[in-house]
Every structure is written in C-alpha cells, then in structure tokens.
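Trainee: In the numbering used here, the protein residues as written are 881 to 1034. Positions of the beta carbon are idealized from the N, C-alpha and C atoms, including for glycine. Remember, it's a predicted structure, so these values are computed and weren't measured experimentally. Sharing a structure below in structure tokens format, with a few things to ask.
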C-alpha cells in the first residue's frame, strides 16, 4: 500500500536538502510520536550517507516496535533532490520511503513523502499509522522552518 503526502515548505530547496541529510532532523520531526535509537552502528551519523543503519523504534518512546533497517540511497534528479530509505525490518518487511524536494515558482520547496508499505497481515494498520505519522512529520517540518531551523524549540 502507498502513502503520498506533500506540503509547501517556505524555504529554498537547497536549505531543505541540507536538513534532510541530517540525522537530527529524523529525531526532531518524528518525536515524540516515534523515537528511533541506533543499533548498528551504535550512533547515528551526523549526515546520512548511502548505507544501512539498524534502529529500534519506540511508539511514544515507551512501546517497543522492533528493529528496522534504514537503507539510505541518494538519488540523482534533474528536477530537485531525492532521498530513498529502502527500509525493512522484523515487523515491516517493506518500508520504501522516498523524500522528494521540488522548487516552487515562489522559491519555496514542494516536499513530498511517498511510502510503499508491506507488513504482511499488518499492512493496513501500518498504512493507517503512516498516514498519521507523515502528516505529523510534515507539520513538524513546517514548524521547524517557521522557527528558522531552531531545533532547540520543541
């Protein structure tokens, strides 16, 4: 099943791209709904390079959701910027998350999350959660941009 959600971020695509590549962004836009803790490697990189990162996931920081592999691939695009997490785990067998950034005529960024999900018999429930989660993430993105990328303000 697929989830696709877009929003306009009132910042230039180059600036948004800088943030997309940082691990602190994942923590900021996901918490407190989902909390990720690194397993392998034992610490998150400052910036995501192409590679595999195993994490534990926690709903609201307390309910364990198992482990997941974040599998990062930077994708060349002539239209903007794309980053793919071709993730999988013990609960979710396919979590293919594409982040796409496209310039708007006003100099802002059209930010799109496209997620393809397979979690066997849990797929529909995971898909419902993903719809909520990505709307939440994008609201956190908009707040971060409004606050001039000040991560200290929750």
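Could you give the first and the last residue of the continuous beta strand (DSSP E) run that contains residue 920?
Mentor: Along the chain shown, read from residue 1 onward, the residue named residue 920 stands at position 40. Here the beta strand (DSSP E) through residue 920 covers 914-920.
Trainee: Verify whether the separation of the beta carbon atoms of residue 967 and residue 950 is less than 8 Å.
Mentor: As a position in the chain shown, residue 967 is number 87, starting the count at 1. As a position in the chain shown, residue 950 is number 70, starting the count at 1. Going by C-beta atoms, residue 967 is nearer than 8 Å to residue 950.
Trainee: Should the region 882-892 be called in touch with the region 953-972, which here means at least 3 C-beta pairs below 8 Å?
Mentor: no
Trainee: For residue 896, I'd like the list of residues in its chain whose CB is within less than 7 Å of its CB, leaving aside the five on either flank, ordered along the chain.
Mentor: In the chain shown, the residue the question calls residue 896 occupies position 16. Around residue 896: 889, 981, 989 and 991.
Trainee: CB residue 918 to CB residue 908, shorter than 8 Å?
Mentor: To locate residue 918, count along the chain shown from 1; it is residue 38. To locate residue 908, count along the chain shown from 1; it is residue 28. No, the pair does not count as a contact, with Cβ atoms beyond the cut-off.
Trainee: According to DSSP, which residues form a beta bridge with residue 955?
Mentor: Stepping through the chain shown from its first residue, residue 955 is reached at position 75. Looking at the DSSP assignment, residue 955 forms a beta bridge with 962.
Trainee: Measure the alpha-carbon distance for residue 1022 versus residue 1012 and round it to whole angstroms.
Mentor: As a working note, residue 1022 is residue 142 in the chain shown. As a working note, residue 1012 is residue 132 in the chain shown. Approximately 16 Å between the Cα atoms of the pair.
Trainee: With 16 as the cutoff for other CB atoms within 10 Å, does residue 986 come out buried or exposed?
Mentor: Taking the chain shown and counting its residues from 1, one reaches residue 986 at position 106. Label assigned to residue 986: exposed.
Trainee: Report yes if the C-beta distance between residue 900 and residue 963 is below 8 Å; otherwise report no.
Mentor: Working through the chain shown from its first residue, we reach residue 900 at position 20. Working through the chain shown from its first residue, we reach residue 963 at position 83. Contact: yes.
Trainee: With a Cβ-Cβ cutoff of 8 Å, do residue 916 and residue 922 count as a contact?
Mentor: As a first step, residue 916 is located in the chain shown; it is residue number 36 there, counting from the start. As a first step, residue 922 is located in the chain shown; it is residue number 42 there, counting from the start. Against a cut-off of 8 Å, the Cβ pair of residue 922 and residue 916 comes out as no contact.
Trainee: Going straight from the alpha carbon of residue 926 to that of residue 904, what length do you get?
Mentor: Along the chain shown, read from residue 1 onward, the residue named residue 926 stands at position 46. Along the chain shown, read from residue 1 onward, the residue named residue 904 stands at position 24. If I take the Cα positions, the gap works out to 7 Å.
Trainee: Alpha carbon to alpha carbon, what distance is there between residue 972 and residue 999?
Mentor: Locating residue 999 in the chain shown gives position 119, where the first residue counts as 1. Locating residue 972 in the chain shown gives position 92, where the first residue counts as 1. Taking the straight line joining both Cα atoms gives about 4 Å.
Trainee: Leaving out five residues before and five after residue 946 in sequence, what residues of the same chain have Cβ atoms less than 7 Å from its Cβ?
Mentor: In the chain shown, counting from the first residue as 1, residue 946 sits at position 66. For residue 946, where only same-chain residues beyond five positions count, the Cβ hits under 7 Å are 937, 969, 970 and 971.
Trainee: Is it true that the CB of residue 983 sits closer than 8 Å to the CB of residue 941?
Mentor: Working through the chain shown from its first residue, we reach residue 941 at position 61. Working through the chain shown from its first residue, we reach residue 983 at position 103. Not a contact, by the Cβ cut-off of 8 Å.
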